[in-house]
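Take any residue in the sequence shown, count from 1 to its spot, add 16: that is its number in the numbering used here.
No residue lacks a Cβ here, since even glycine has one placed at the ideal position from N, Cα and C.
Worksheet for the structure shown next.
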Amino acid sequence: MYERKLIPNLKCGLDLVGEVLYGKWKIRMLWFIHEGNLRPSELQRKIPDATRRVLNVQLKELEDHELVTRIIYPVMPPKVEYRLTDFGKTLIPLISAIGLWGDEHQERLRKVIMKQYAPSPIDPENV
Numbered sequence: 017m018y019e020r021k022l023i024p025n026l027k028c029g030l031d032l033v034g035e036v037l038y039g040k041w042k043i044r045m046l047w048f049i050h051e052g053n054l055r056p057s058e059l060q061r062k063i064p065d066a067t068r069r070v071l072n073v074q075l076k077e078l079e080d081h082e083l084v085t086r087i088i089y090p091v092m093p094p095k096v097e098y099r100l101t102d103f104g105k106t107l108i109p110l111i112s113a114i115g116l117w118g119d120e121h122q123e124r125l126r127k128v129i130m131k132q133y134a135p136s137p138i139d140p141e142n143v
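Written out as C-alpha cells, the structure is:
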C-alpha cells in the first residue's frame with residue numbers, strides 16, 4: 017500500500033476534510049450506504065465504473081477515518097456490511113446540500129464538464 021511521505025496540513029478545516037473525503041467514489045459511497053446499500057456488491061452495482069479493488073481501498077479508508085464501520089457476520093459464505101458511524105452521519109446534510117447544488121446548476125455544470133471532452137476547434141494559425 018502507498019506510504020505517505022508528507023504530513024498534511026492539520027490546521028485547515030478544508031485540508032482535513034480533503035484528507036478523509038478526496039477519492040473519486042467516497043462521497044457517493046457514503047451517500048449510498050446512507051440509503052441502505054450496505055454490502056460491497058450493492059455498492060459495486062450502484063457505481064459500476066469503479067473497480068472492486070478501488071471500492072475496497074476507499075471503503076477501508078472511510079473505515080480508517082471512522083466514517084463507516086465494517087460488520088462481519090459469522091456465516092458461510094462470508095457476509096460483510098458497512099454502516100455509517102455517528103461521525104459519518106454528520107456528513108449526510110453536507111452531501112445532500114452538495115447534491116442539491118449540483119441539481120440546481122446541472123445545465124451549467126454539464127456544459128463546463130463537457131468542454132474537456134469536446135474536440136477543440138482547430139486554430140488555422142497553428143496548422
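| Item | Value |
| --- | --- |
| Distance, Gln-60 Cα to Ala-66 Cα | 7 Å |
| Run of the alpha helix (DSSP H) containing Val-91, from where it starts to where it stops | Looking at the DSSP string, Val-91 is not in any alpha helix (DSSP H), and its letter there is neither H nor E. |
| For Ala-113 and Gly-52, the rounded distance between their alpha carbons | 19 Å |
| Between the CA atoms of Ile-49 and Glu-79 - distance to the nearest angstrom | 12 Å |
| Distance CB(His-81)-CB(Val-36) smaller than 7 Å | yes |
| Buried or exposed (CB count within 10 angstroms, at least 16 for buried), Val-96 | exposed |
| Alpha carbon of Ile-43 to alpha carbon of Ile-111, nearest angstrom | 7 Å |
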